[in-house]
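Worksheet: one structure, shown below.
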Amino acid sequence: MSSTPTTDEPTITEIDWTDHYDQGVDSSLYDATYTYSNDKYSCVQGFYFAHLVFNWFVFLSGVACLITRLVPARFKYLHSWFGRIYILSMLWSTTTSLLMNNTGLPLSTLISFAAVMGCLSVGWIVIIFHKQGIEKAAQSVVQQKLLESAKSTDEINLGEMMGEAKMEVVDSKTFVQRFFSLKALHGILFFVSWMQIAGRIFNSNQSGDFTCHTYPVYKPIDVPQVPEGATDELTLVPVHDPDWESLPWSGGVVQWTLSIIFGSMAGAVIVGAILSYYWARKAHKKREGSIDDADISTKDGRHAAGIDATDDGVPAAEKFADEEESTSNE
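In my numbering, the protein residues as written are 606 to 935.
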């Protein structure tokens with residue numbers, strides 16, 4: 606394997622421009638709106654602006670999440686919805702960033718992004734645990750209230766009772782319980798995650814002059830991915846993949862991709878239909894079994910009380926007495 610050239614070795618300055626001479630003909634080398642090499646996209650100008658839009662959604666939804674923690678209780682449900690917008694916007698911001706590659710990212714940005722995704726992931730998980738804990742505590746409160754009001758004739762609104770019970774659980778917490786809690790940890794982690802975007806959004810280039818201004822070149826090293834001769838002079842990565850015919854989508858990228866999408870969708874529908882039918886049949890048989898068991902229990906109870914179910918509920922003793930009386934009269 607070739608090593609990095611030393612000061613005693615000549616510096617490679619020549620570039621192989623093969624297949625890239627014709628401007629605008631099957632090559633993005635002279636096009637600032639996209640970069641396409643080896644039959645792959647690495648930069649598309651439009652994705653930068655989509656990335657900016659989603660970053661603004663991240664920033665604004667984060668602000669809304671902070672505000673909805675201070676509003677009256679009847680509006681606090683909005684906090685969860687703005688949180689969902691925050692997470693979805695972050696996902697799409699990450700997706701659009703995949704096609705904005707020119708010269709890479711500095712280490713500080715990579716560390717910042719690690720904080721964004723790490724805090725978002727952990728913060729989302731801990732709030733789920735927190736909600737489950739509140740739900741369990743509220744159910745205990747409601748259960749106790751139902752037992753206490755079992756003899757009451759007042760109409761019971763279970764949803765309202767659960768809401769009130771949750772507020773009781775929350776209001777009963779001390780300062781220590783509130784500060785050292787999963788909910789507080791969730792807020793801290795999401796704030797750290799949001800700050801990485803909020804700090805960058807006002808220090809990023811939003812002038813609209815973003816361009817795809819670089820093109821990949823093979824490194825002059827001896828590895829299987831570098832073609833022969835590219836170690837002697839800098840060689841641009843070709844527009845088309847030389848091994849294209851061996852790829853599974855070589856017969857048609859769109860057709861192959863759509864076949865995977867709709868094929869998996871059809872498979873999910875079929876499996877879902879089979880499982881739905883199976884569980885529906887199982888539930889139906891279970892209901893029929895419960896009805897049969899109830900009928901048997903009813904019949905057993907009637908027999909135990911001396912009632913013959915085949916004679917319209919007339920007690921067997923009375924029936925025998927009637928028959929005896931009829932016989933004697935004859």
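Every residue gets a Cβ at the ideal spot worked out from N, C-alpha and C, and that includes glycine. What you are looking at is a predicted structure, and each value in this text was computed from that prediction instead of being measured.
First and last residue of the alpha helix (DSSP H) that includes residue i?
{"i": "Ser647", "result": "Ser647 -> not in any alpha helix (DSSP H); beta strand (DSSP E) instead, spanning Lys645 to Val649."}
{"i": "Ser713", "result": "Leu712 to Glu753"}
{"i": "Gln782", "result": "Phe780 to Phe784"}
{"i": "Met767", "result": "Leu763 to Asp776"}
Return the bridge partner residues of residue i from the DSSP annotation.
{"i": "Tyr691", "result": "According to DSSP, Tyr691 bridges with nothing at all."}
{"i": "Leu839", "result": "Ile620"}
{"i": "Ser642", "result": "Lys645"}
{"i": "Val822", "result": "Leu841"}
Does residue i come within less than 8 Å of chain D when only Cβ atoms are used?
{"i": "Asn762", "result": "As a matter of chain content, chain D is missing from the structure shown, which is built from one protein chain."}
Are residue i and residue j closer than 8 Å when you measure CB to CB?
{"i": "Leu704", "j": "Val649", "result": "yes"}
{"i": "Ile732", "j": "His791", "result": "yes"}
{"i": "Met695", "j": "Leu715", "result": "no"}
{"i": "Phe664", "j": "Trp697", "result": "no"}
{"i": "Leu634", "j": "Tyr820", "result": "yes"}
{"i": "Leu683", "j": "Thr699", "result": "no"}
{"i": "Ala770", "j": "Val797", "result": "no"}
{"i": "Ser713", "j": "Pro843", "result": "no"}
{"i": "Phe687", "j": "Ser666", "result": "yes"}
{"i": "Ile761", "j": "Trp661", "result": "no"}
{"i": "Trp854", "j": "Thr862", "result": "yes"}
{"i": "Ala637", "j": "His845", "result": "no"}
{"i": "Leu852", "j": "Trp622", "result": "no"}
{"i": "Pro829", "j": "Leu839", "result": "no"}
{"i": "Phe766", "j": "Lys750", "result": "First, the residue type needs correcting, since residue 766 is Met and not Phe in the sequence shown. Their beta carbons are under 8 Å apart, which means Met766 touches Lys750 by this criterion."}
{"i": "Thr701", "j": "Phe652", "result": "yes"}
On a CA-only basis, which of the options is nearest residue i? Give me that one, please.
{"i": "Gly857", "options": "Met695, His791, Asp644 and Asp631", "result": "Asp644"}
{"i": "Ser812", "options": "Leu634, Leu657 and Tyr646", "result": "Leu657"}
{"i": "Ile690", "options": "Leu675, Pro677, Ser895 and Cys670", "result": "Cys670"}
{"i": "Asp814", "options": "Asn808, Asn660, Phe654 and Lys788", "result": "Phe654"}
{"i": "Asn707", "options": "Thr816, Trp861, Asp846 and Leu683", "result": "Thr816"}
{"i": "Ile620", "options": "Ala885, Gly868, His889 and Thr836", "result": "Thr836"}
{"i": "Glu773", "options": "Phe784, Phe796, Ser702 and Lys741", "result": "Lys741"}
{"i": "Lys736", "options": "Val668, Gln860 and Lys788", "result": "Lys788"}
{"i": "Val668", "options": "Gly728, Trp799 and Ala888", "result": "Trp799"}
{"i": "Ala743", "options": "Gly728, Trp729, Glu753 and Leu763", "result": "Leu763"}
{"i": "Phe795", "options": "Val781, Ser864, Gly868 and Trp729", "result": "Trp729"}
{"i": "Ile793", "options": "Ser851, Val775, Pro829 and Val721", "result": "Val721"}
{"i": "Gly738", "options": "Ser786, Ile692 and Val781", "result": "Ser786"}
Put residue i into one of helix, strand or coil per three-state DSSP.
{"i": "Asp913", "result": "The predicted model places Asp913 with a pLDDT of 49, which falls under 50 and marks its position as unreliable, so this point remains unresolved."}
{"i": "Val682", "result": "Reading the sequence as shown, one finds Tyr at residue 682 and not Val. Here Tyr682 sits in helix by DSSP."}
{"i": "His625", "result": "coil"}
{"i": "Val874", "result": "helix"}
{"i": "Val797", "result": "helix"}
{"i": "Val844", "result": "coil"}
{"i": "Val831", "result": "coil"}
{"i": "Val658", "result": "helix"}
{"i": "Glu928", "result": "Confidence at Glu928 is low in this model, with a pLDDT of 49, below 50, so its placement is unreliable and the value that follows should be read with caution. Correct three-state label for Glu928: helix."}
{"i": "Ala789", "result": "helix"}
{"i": "Ser632", "result": "coil"}
For the ligand ADP, is there any heavy atom lying closer than 7 Å to the beta carbon of residue i?
{"i": "Phe784", "result": "Absent from the structure shown: the ligand ADP. Ligands present: none."}
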